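In the working numbering, the protein residues as written are 32 to 466. Remarks on the structure that follows.
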Ligand code: HSE
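Here it is in structure tokens:
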């Protein structure tokens, strides 16, 4: 059996998990890889590992791993985009293969990193960057290679889904659940990345590039977080048969691609609406296969380690074969990758959930309906509650038909300007995720 040596950079949650699973399942992993995978060195600036490194060489200078002759694959698990980028590019320049769990690095600098790797004839693998332990990169890049991917939609941030689930099921406080997600090792170093949608945007950009054969366009993704979600909208959504989930959505449209991350109402009868806690799920619609759904843990030490090690096994198997026989970084030959353009959020098409606070007086409903009808927006469902004791305002909740976002925004502005309207309207996009 050939030997493949790996150096793990970063022994935090995922690094320690990777080290431990590699040790625990060594026989099985080696049998699958057809080679003897050995951790020869680890790079860790501090001694905070949650694993026993007494049998391996520990480098305090993590860059030493990119130079060691006894390292074939550098596993980058330090996170961030500054030192990590330098480390990965240096490893590639030195002819090392790279496995990373770093979605920010791939989403923001993947075009440059993949070009450098192709020039050097080495692999850069990043399964663990998207949806934790779900093998979604492999599914899209290989399993669905016969299909034109029409759209995909995913719950791709475990922390956000965990928070939304706890808030809905147990009425817990946002900040309190976030602290628990941090303790459990789900949250990013800066949890704003989770709750404001940046982490999901990183992952969506990667999924869209593989699905559509386009460059990584992190500069163009529209991002809205979950921090503004009001408990009453969760309740009204349920009354109407919907759940609010934080989704990343990528769609092929004429004239470009939609790339957006935002809270979304989805029908509660969809399987993906039942995805709770830290679990992730990605729905992919291919023209040949139809709708498919991939589900699993989106964060955590060993689920993420599972994906890191799958990449190590893939790369280890390929060592010794010609680079052109390996699956390309985005699953498309690099010369075929074309940028279709990313549509501005004003030009996307969506249905909407709207909540207005309006005066309880005759004619209000008809003026709202008139504005919608003048703009060709159909009201698909409507709820108006009785005023609370002593209140003059009532909540008016509507679901609309699909329309251009700019058309909807213009209608919302008109409704907000009515003398009977009180304050800004709540607007949440709605997607029925129809096959
Ligand atoms: N913070 C991320 C999440 C970790 O919660 O999904 C996995 O990327």
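Every residue, glycine too, gets a C-beta built ideally from N, C-alpha and C. All of these numbers come straight from a predicted model, not from anything done at the bench.
May I ask whether a heavy atom of ligand 1 can be found less than 7 Å away from the beta carbon of residue i?
i           : result
residue 218 : yes
residue 276 : no
residue 254 : no
residue 67  : no
residue 134 : yes
residue 375 : no
residue 458 : no
residue 190 : yes
residue 225 : yes
residue 230 : yes
residue 330 : yes
residue 41  : no
residue 484 : The chain is shown from 32 up to 466; residue 484 falls before or after that span and cannot be answered.
In chain order, what residues of the same chain lie with their CB nearer than 8 Å to the CB of residue i, ignoring the 5 residues before and after it?
i           : result
residue 45  : 108, 132, 159, 332, 335, 336, 339
residue 472 : Residue 472 lies beyond the stretch modelled for the chain, which goes from 32 to 466, so this question has no answer here.
residue 203 : 197
residue 264 : 275, 384, 386, 457, 459
residue 140 : 112, 116
residue 181 : 282, 283, 316, 317, 318
For residue i, tell me which candidate among the options has the shortest Cα-Cα distance.
i           : options            : result
residue 35  : 257, 434, 65, 268  : 65
residue 119 : 185, 40, 208, 389  : 40
residue 367 : 211, 241, 148      : 241
residue 373 : 261, 281, 257      : 281
residue 316 : 236, 176, 191      : 176
residue 33  : 348, 419, 314      : 348
residue 459 : 442, 430, 448, 437 : 430
residue 25  : 359, 252, 37, 343  : A question about residue 25 goes unanswered here, because the residues of the chain that appear run from 32 up to 466.
residue 324 : 148, 110, 186      : 186
residue 184 : 377, 438, 326, 50  : 326
residue 259 : 390, 214, 275      : 275
residue 179 : 306, 130, 305, 318 : 318
residue 448 : 463, 181, 390, 267 : 390
residue 283 : 232, 261, 379      : 379
residue 397 : 427, 383, 371, 417 : 427
residue 143 : 101, 100, 51, 247  : 247
residue 42  : 77, 147, 123       : 77
residue 228 : 292, 200, 208      : 292
residue 321 : 464, 161, 106, 63  : 464
residue 55  : 75, 38, 82         : 82
For residue i, which beta-bridge partners are listed by DSSP?
i           : result
residue 415 : 427
residue 233 : None, per the DSSP bridge assignment.
residue 279 : 185, 292
residue 389 : 425, 452
residue 458 : 385
residue 37  : 70, 104
residue 335 : DSSP output for residue 335 lists no bridge partner at all.
residue 97  : None; residue 97 has no bridge partner.
residue 374 : Looking at the DSSP assignment, residue 374 forms no beta bridge with any residue, so it has no partner.
residue 180 : 317
residue 310 : 328
residue 284 : 287
residue 253 : 291
residue 343 : The partner list for residue 343 (beta bridge, DSSP) is empty, contrary to what the question assumes.
residue 88  : 72
residue 322 : 316
residue 434 : 381
residue 298 : 273
Got a sec? Which residues, its chain only, sit under 7 Å from residue i by beta carbon, not counting five neighbours each side?
i           : result
residue 355 : none
residue 446 : 387, 399, 402, 452, 456
residue 239 : 245, 281, 288, 290
residue 60  : 53, 68, 340, 344
residue 346 : 104, 128, 130, 154, 156
residue 138 : 233, 236, 237, 247, 249
residue 454 : 388
residue 125 : 97, 98
residue 432 : 382, 408, 409, 411
To which residues of the same chain is residue i closer than 6 Å at the C-beta, ignoring the five residues directly before and after it?
i           : result
residue 88  : 72
residue 84  : 73
residue 230 : 188, 219, 224
residue 413 : 429
residue 171 : 241, 242
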